[in-house]
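The structure under discussion appears below in the form of structure tokens.
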Amino acid sequence: MNSATNSAAKSAGKSGNEQRGEERREERERAVTTAVQPTGTAARILEVFGEHLPVRDIYSPEGSRLYDVITRDDHSEVREILRAARGCAGPVLDLACGSGRLTLPLRALGQDVVALDSAPEMLRILGERLAADGARRSGAEVRLVEGDMTSFSLDLSFDLVVLGATSVTLLDAPSRARLFARVREHLAPTGRFLLSATDHLERAARPTERIRLLTGENGPDQALHLMVEHLDPLAGTRSISILRQTVRAGEVVANELFVSRVHTVSSAELSDELDAAGLRVTARHPLATGGPGDAPGVVLLECVR
Numbered sequence: 101m102n103s104a105t106n107s108a109a110k111s112a113g114k115s116g117n118e119q120r121g122e123e124r125r126e127e128r129e130r131a132v133t134t135a136v137q138p139t140g141t142a143a144r145i146l147e148v149f150g151e152h153l154p155v156r157d158i159y160s161p162e163g164s165r166l167y168d169v170i171t172r173d174d175h176s177e178v179r180e181i182l183r184a185a186r187g188c189a190g191p192v193l194d195l196a197c198g199s200g201r202l203t204l205p206l207r208a209l210g211q212d213v214v215a216l217d218s219a220p221e222m223l224r225i226l227g228e229r230l231a232a233d234g235a236r237r238s239g240a241e242v243r244l245v246e247g248d249m250t251s252f253s254l255d256l257s258f259d260l261v262v263l264g265a266t267s268v269t270l271l272d273a274p275s276r277a278r279l280f281a282r283v284r285e286h287l288a289p290t291g292r293f294l295l296s297a298t299d300h301l302e303r304a305a306r307p308t309e310r311i312r313l314l315t316g317e318n319g320p321d322q323a324l325h326l327m328v329e330h331l332d333p334l335a336g337t338r339s340i341s342i343l344r345q346t347v348r349a350g351e352v353v354a355n356e357l358f359v360s361r362v363h364t365v366s367s368a369e370l371s372d373e374l375d376a377a378g379l380r381v382t383a384r385h386p387l388a389t390g391g392p393g394d395a396p397g398v399v400l401l402e403c404v405r
């Protein structure tokens with residue numbers, strides 16, 4: 101018996117309500133393409149839409165394109181990292197480079213860059229941006245590398261390694277230890293490692309949320325992005341959910357929910373982990389986040405071997 105016949109035979113013994121309920125569950129399973137479940141306000145949004153709301157990982161191919169849209173005008177930490185990059189003799193390693201939020205300004209500064217990311221779609225977008233930018237920039241080279249920042253091996257040492265956008269929180273403690281070992285191995289004797297970190301655990305004592313509304317586009321259409329950041333310090337997690345509503349001719353034509361969950365780790369904890377890995381924090385630079393006064397603090401940690 102083939103699968104279609106088998107499915108029909110199973111359905112024949114069920115009531116209409118049971119069959120419709122199973123169909124809704126199957127539709128929901130097809131729509132949810134990530135194991136990360138929304139929390140807080142995002143979970144309530146999902147309850148309202150039910151199976152009609154596709155849920156995707158923010159680092160999926162479609163999520164990568166969304167990430168590029170909402171971060172393209174985000175210039176936080178760029179100025180501080182460019183200041184540190186001035187005068188570097190060798191290439192810069194940009195870990196978790198995404199679609200080039202740091203790579204492109206580093207290249208514009210005249211620095212050769214090795215840009216590493218594990219998401220092929222992110223690198224494809226960065227490649228397109230580099231090609232479009234090529235007529236205006238000359239001299240500096242960018243090498244794109246698809247790889248895991250906890251297990252990469254390159255044939256270079258670097259005067260500067262950067263890990264921006266608090267991307268260190270993508271990793272749990274064992275993975276961070278592997279990352280720091282790889283960084284130390286690739287850092288020149290006088291090189292520096294810069295990473296941005298949050299101080300969530302030093303400021304929050306209970307679950308909190310921040311909700312922002314951003315505008316952008318989805319291909320040729322306009323889009324509204326409702327971003328929900330849910331911080332649970334007891335669980336040690338920070339969830340980011342983005343409801344994208346695609347607007348065409350004044351009407352919402354599509355709703356999608358993109359989700360991710362990262363680990364909360366304070367800059368003090370990171371300092372201890374870095375020290376254990378043979379990387380010493382020599383400076384802490386506060387970063388402006390552009391948020392309200394009670395927004396979580398972000399710092400740029402400067403480290404040496």
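Counting in the numbering used here, the sequence shown runs from 101 upward without gaps. Note that beta-carbon positions come from the ideal geometry of N, C-alpha and C, so glycine has one too.
Name, in chain order, the residues that DSSP records as bridge partners for R361. R361 pairs with S339.
Got a sec? Which residues, its chain only, sit under 6 Å from P386 by beta carbon, not counting five neighbours each side? These residues qualify, in order along the chain: V399.
So within the stretch 212-288, which uninterrupted alpha helix (DSSP H) runs reach at least 4 residues, ignoring any that extend past its ends? Complete alpha helix (DSSP H) runs here, min 4: 220-233 and 273-286.
Does the Cβ of P320 have 16 or more other Cβ atoms within 10 Å, making it buried, or fewer, making it exposed? Exposed is the call here.
Whole angstroms are fine: how far does the CA of I158 sit from the CA of G264? When rounded, the distance between both Cα atoms is 17 Å.
Would you check if the distance between the CB atom of L182 and the CB atom of L195 is smaller than 7 Å? The Cβ atoms of L182 and L195 lie no closer than 7 Å to each other.
What would DSSP say about H152, mapped onto helix, strand or coil? Here H152 sits in helix by DSSP.
Mind checking whether S367 and A297 have CB atoms under 7 Å apart? At the C-beta level, S367 and A297 come within 7 Å of one another.
I'd like to confirm the pairing. Which residues does DSSP put opposite V404 in its beta bridges? In DSSP, V404 forms a bridge with R292 and R380.
So, is L142 buried or exposed, given that buried needs 16 or more other C-beta atoms within 10 angstroms? Correcting the residue type first, residue 142 is Ala in the shown sequence and not Leu. With 16 or more Cβ atoms within 10 Å of its Cβ, A142 is classed as buried.
Can you have a look at E356 and say buried or exposed, based on whether 16 or more other CB atoms are within 10 angstroms of its CB? Burial check for E356: the Cβ neighbour count within 10 Å reaches 16 or more, so the residue is buried.
Can you check which of these residues, F280, A335, S339 and R284, is closest to E309 by C-alpha distance? Ranking F280, A335, S339 and R284 by Cα distance to E309 puts S339 first.
Give me the Cα-Cα distance between L146 and S253, rounded to the nearest whole angstrom. Distance between the alpha carbons of L146 and S253: 41 Å.
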